[in-house]
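Okay, so here's the structure we're looking at.
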Amino acid sequence: MLTLNIFIKIVQRVNMKMWLVLAITCVWWAAIVGPAVWGCSSSLSVTGGGYNNAPSYDTVEFRAMGCTKKTYSTFLKSLRARLSSGTSVHNIPVLPAQSGSQQDLLLVKLFDWDDEPITLVLNRINAYVIAYQAKSIYYLLADTPNNAQLYGSNPYRFTFTGSYTDLQRVAKDNRENIDLGITALAQAVDTLYYWSPTQSDQTSVARSLIVLIQSVSETARFRRIEQRFTNNIIDTGTTIRYENFRPGVGVINLETNWETLSTAVQQSKGGVFLQPIKLKVNSTTTIDIKDANSARIDCGLALLLYWRQSQASLSPRDSSVFSTSVDLNVRSMLDIAA
Numbered sequence: 015m016l017t018l019n020i021f022i023k024i025v026q027r028v029n030m031k032m033w034l035v036l037a038i039t040c041v042w043w044a045a046i047v048g049p050a051v052w053g054c055s056s057s058l059s060v061t062g063g064g065y066n067n068a069p070s071y072d073t074v075e076f077r078a079m080g081c082t083k084k085t086y087s088t089f090l091k092s093l094r095a096r097l098s099s100g101t102s103v104h105n106i107p108v109l110p111a112q113s114g115s116q117q118d119l120l121l122v123k124l125f126d127w128d129d130e131p132i133t134l135v136l137n138r139i140n141a142y143v144i145a146y147q148a149k150s151i152y153y154l155l156a157d158t159p160n161n162a163q164l165y166g167s168n169p170y171r172f173t174f175t176g177s178y179t180d181l182q183r184v185a186k187d188n189r190e191n192i193d194l195g196i197t198a199l200a201q202a203v204d205t206l207y208y209w210s211p212t213q214s215d216q217t218s219v220a221r222s223l224i225v226l227i228q229s230v231s232e233t234a235r236f237r238r239i240e241q242r243f244t245n246n247i248i249d250t251g252t253t254i255r256y257e258n259f260r261p262g263v264g265v266i267n268l269e270t271n272w273e274t275l276s277t278a279v280q281q282s283k284g285g286v287f288l289q290p291i292k293l294k295v296n297s298t299t300t301i302d303i304k305d306a307n308s309a310r311i312d313c314g315l316a317l318l319l320y321w322r323q324s325q326a327s328l329s330p331r332d333s334s335v336f337s338t339s340v341d342l343n344v345r346s347m348l349d350i351a352a
């Protein structure tokens, strides 16, 4: 007969083995993911899709509640790490190349002030938003490929695409007139969380997507745009205040020239561009970006679009520089985030 003492010893030995396995697993996972993800209030996890046998996709999370400069930047650091292919050109990470018809996706779960989430679906090829999930429904943009394993058999498909031109048309406003910032991000999440196909007006959806694309995709691509966000997180030591801002010429010019900058860096000779890229700082000032170092430091270029792919499949969804009369009142591209 099994005595109580023997039983206790068996339990203790089993528990010790379980803790040992857990410790080894944690060390192994840290070695793969790296220290950027650990200690971040925005977290990294893995989830499944529309069916039980759906492929798993990495998920990066961000909560608006309690956001600080550090947590927002750490979220973006984790996001860039998961988007990157693992290779770099002139110290700038490169996104994955397109591989046939296989969809390379990343999920970004965002929480509003009430901790209510939506999940953005990003294409890792270009870091762009192609769909989102609110409650149990997936919402697809008009040009998003089908993926029944992730989206299920009956997702809702919008009639507009994810291009800024199309989104601005549906939003009935241009992006330089739409507020950005942590408060705007949380409000956009809240709007998409509560919107349903029973509502005929899609203006608020398009407007919210313009906010979230810039808050997630564009800030991942450019540290200068990230800095524009963090500069508007005001920490007084006792309270944190979030101020909205509107993107000016400098920000929008970076967004629309991401593909051009990415190509120039990868085609450069010893880091020097084949020809300078002219970027508008404000409505009256233009500067020349002549090399990869200037693109990385002055523009804050943080991710490169893999340049060998076709424009049609890899377009950042904005084919021409967006004209605007907004003036950031800055002296150089270094001041774009001021």
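To convert a position in the sequence shown, counted from 1, into this note's numbering, add 14. All C-beta atoms in this analysis are idealised placements derived from N, C-alpha and C, irrespective of residue type, glycine included. Model, not experiment: these values are computed from the prediction.
Can you tell me the Cα-Cα spacing of residue i and residue j, whole angstroms?
{"i": "L315", "j": "T173", "result": "32 Å"}
{"i": "Y65", "j": "S308", "result": "Caution is warranted here: a pLDDT of 47 is assigned to Y65, below 50, making its placement in the model unreliable, and the coordinate value is therefore given only provisionally. Going by the C-alpha atoms only, they are around 46 Å apart."}
{"i": "I20", "j": "F125", "result": "Interpretation of I20 is limited by its pLDDT of 48, a score under 50 that renders its predicted location unreliable; no figure is taken from the coordinates."}
{"i": "T82", "j": "V230", "result": "16 Å"}
{"i": "V203", "j": "T299", "result": "35 Å"}
{"i": "L93", "j": "D249", "result": "24 Å"}
{"i": "E269", "j": "K304", "result": "18 Å"}
{"i": "K84", "j": "T253", "result": "15 Å"}
{"i": "I144", "j": "L226", "result": "12 Å"}
{"i": "P216", "j": "I224", "result": "According to the sequence shown, residue 216 is Gln rather than Pro. Using only the alpha carbons, I get a separation of about 13 Å."}
{"i": "P110", "j": "G100", "result": "8 Å"}
{"i": "Q112", "j": "T277", "result": "15 Å"}
{"i": "G63", "j": "L288", "result": "Because G63 sits at a pLDDT of 44, beneath the cut-off of 50, its placement in the model cannot be relied upon, and the following sentence gives the value as read from the coordinates. Between G63 and L288, the C-alpha separation is close to 44 Å."}
{"i": "W127", "j": "G285", "result": "44 Å"}
{"i": "S218", "j": "G264", "result": "26 Å"}
{"i": "T233", "j": "S98", "result": "14 Å"}
{"i": "S150", "j": "G80", "result": "26 Å"}
{"i": "N168", "j": "K292", "result": "45 Å"}
{"i": "S297", "j": "T179", "result": "21 Å"}
{"i": "F76", "j": "A306", "result": "30 Å"}
{"i": "N246", "j": "S70", "result": "35 Å"}
{"i": "N160", "j": "L154", "result": "9 Å"}
{"i": "I106", "j": "Y208", "result": "38 Å"}
{"i": "R255", "j": "E190", "result": "22 Å"}
{"i": "A95", "j": "R322", "result": "21 Å"}
{"i": "F89", "j": "G251", "result": "21 Å"}
{"i": "V60", "j": "K186", "result": "Here the model assigns V60 a pLDDT of 39, short of 50, so the residue's position is not dependable, and the following value carries that caveat. Their Cα atoms are separated by approximately 37 Å."}
Restricting to Cα atoms, I'd like to know which of the options is closest to residue i.
{"i": "C313", "options": "T179, D204 and K294", "result": "K294"}
{"i": "S222", "options": "S282, D129, L199 and R237", "result": "L199"}
{"i": "S282", "options": "S167, S297 and H104", "result": "H104"}
{"i": "P261", "options": "S113, R171 and I192", "result": "I192"}
{"i": "Q201", "options": "P131, N267, Y142 and F236", "result": "P131"}
{"i": "P290", "options": "G284, L275 and N296", "result": "L275"}
{"i": "R171", "options": "Q182, Y165, Y178 and A156", "result": "A156"}
{"i": "S177", "options": "N168, S167, N188 and P169", "result": "N188"}
{"i": "I266", "options": "G251, I239, I151 and L317", "result": "I239"}
{"i": "S210", "options": "S87, R237, Y152 and W321", "result": "Y152"}
{"i": "I311", "options": "I196, V279 and W321", "result": "V279"}
{"i": "D129", "options": "A162, G166, A78 and K91", "result": "A78"}
{"i": "T197", "options": "E257, F89, L90 and D72", "result": "E257"}
{"i": "L317", "options": "S102, K186 and G251", "result": "S102"}
{"i": "D302", "options": "W321, R322 and N271", "result": "N271"}
{"i": "T175", "options": "Y142, I106, S214 and D72", "result": "Y142"}
{"i": "A162", "options": "Q117, E190 and K186", "result": "Q117"}
{"i": "K91", "options": "R237, K186 and E190", "result": "R237"}
Determine, using beta carbons only, whether residue i and residue j come nearer to each other than 8 Å.
{"i": "N137", "j": "L319", "result": "no"}
{"i": "V108", "j": "L119", "result": "no"}
{"i": "V122", "j": "V74", "result": "yes"}
{"i": "T133", "j": "Q147", "result": "yes"}
{"i": "R242", "j": "F259", "result": "yes"}
{"i": "L206", "j": "Q228", "result": "no"}
{"i": "A220", "j": "L181", "result": "yes"}
{"i": "Y86", "j": "T244", "result": "yes"}
I'd like to confirm the pairing. Which residues does DSSP put opposite residue i in its beta bridges?
{"i": "S167", "result": "S167 pairs with nothing; no bridge assigned."}
{"i": "I291", "result": "I303"}
{"i": "K123", "result": "E75 and T133"}
{"i": "V286", "result": "K283 and D305"}
{"i": "Y152", "result": "Q147"}
{"i": "R255", "result": "I248"}
{"i": "L315", "result": "F236"}
{"i": "Y142", "result": "N137"}
Can a CB atom of chain D be found closer than 8 Å to the CB of residue i?
{"i": "G100", "result": "Among the chains of the structure shown, chain D does not appear; only one protein chain is present."}
*For the segment 171–239, list the alpha helix (DSSP H) runs that are entirely contained and at least 4 residues long, ordered along the chain.*
The alpha helix (DSSP H) runs of length 4 or more contained entirely in the segment 171–239 are, from start to end of the chain, 178–185, 196–208 and 217–226.
*Please go through the segment 74–110 and give each complete beta strand (DSSP E) segment of 3 or more residues, from N-terminal end onward.*
none
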